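Peer 1:
In the numbering used here, the protein residues as written are 27 to 116.
Rendered as structure tokens:
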């Protein structure tokens, strides 16, 4: 299922990407959080952001997937990480 993904990592920035499903969206989110490490002065700040990204990823695989299967957009926000997934027309 083709999706449009928008995500925001507090202190780092916002991005958007076309993805081919929830699994790919989850990889983009976690990879972005990994790359953001250099944006933080303190390791604990980055670890907090990564923990938040992992929690949002878990929600993607559960409630996010269910919403998208119904054809509805899905949003999640947890301590500095925001994600929106929307179905795209084929």
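All C-beta atoms, glycine included, are put in the ideal place defined by N, C-alpha and C.
Because the structure is a prediction, the values reported are computed rather than measured.
So residue 94 and residue 27 are supposed to be a Cβ contact under 8 Å. How far apart are they, rounded?
Peer 2: 6 Å
Peer 1: When DSSP builds the beta bridges, which residues end up paired with residue 109?
Peer 2: 33 and 102
Peer 1: For the structure I just gave you, are there three or more beta carbon pairs, one from the stretch 94-104 and one from the stretch 60-74, closer than 8 Å?
Peer 2: Per the Cβ contact rule, the stretch 94-104 is not in contact with the stretch 60-74 (fewer than 3 Cβ pairs under 8 Å).
Peer 1: Which class does residue 45 belong to by DSSP, given the choice of helix, strand or coil?
Peer 2: strand
Peer 1: Could you spell out where the alpha helix (DSSP H) holding residue 85 opens and where it closes?
Peer 2: 69-85
Peer 1: Of the residues 49, 29, 46 and 61, which one's Cα is nearest the Cα of residue 35?
Peer 2: 61
Peer 1: Would you mind sorting residue 114 into buried or exposed? The rule is 16 or more other CB atoms within 10 Å of its CB.
Peer 2: exposed
Peer 1: In terms of DSSP beta bridges, what is residue 39 paired with?
Peer 2: 35
Peer 1: So for residue 97, helix, strand or coil by DSSP?
Peer 2: Here DSSP, grouped into helix, strand and coil, assigns residue 97 to coil.
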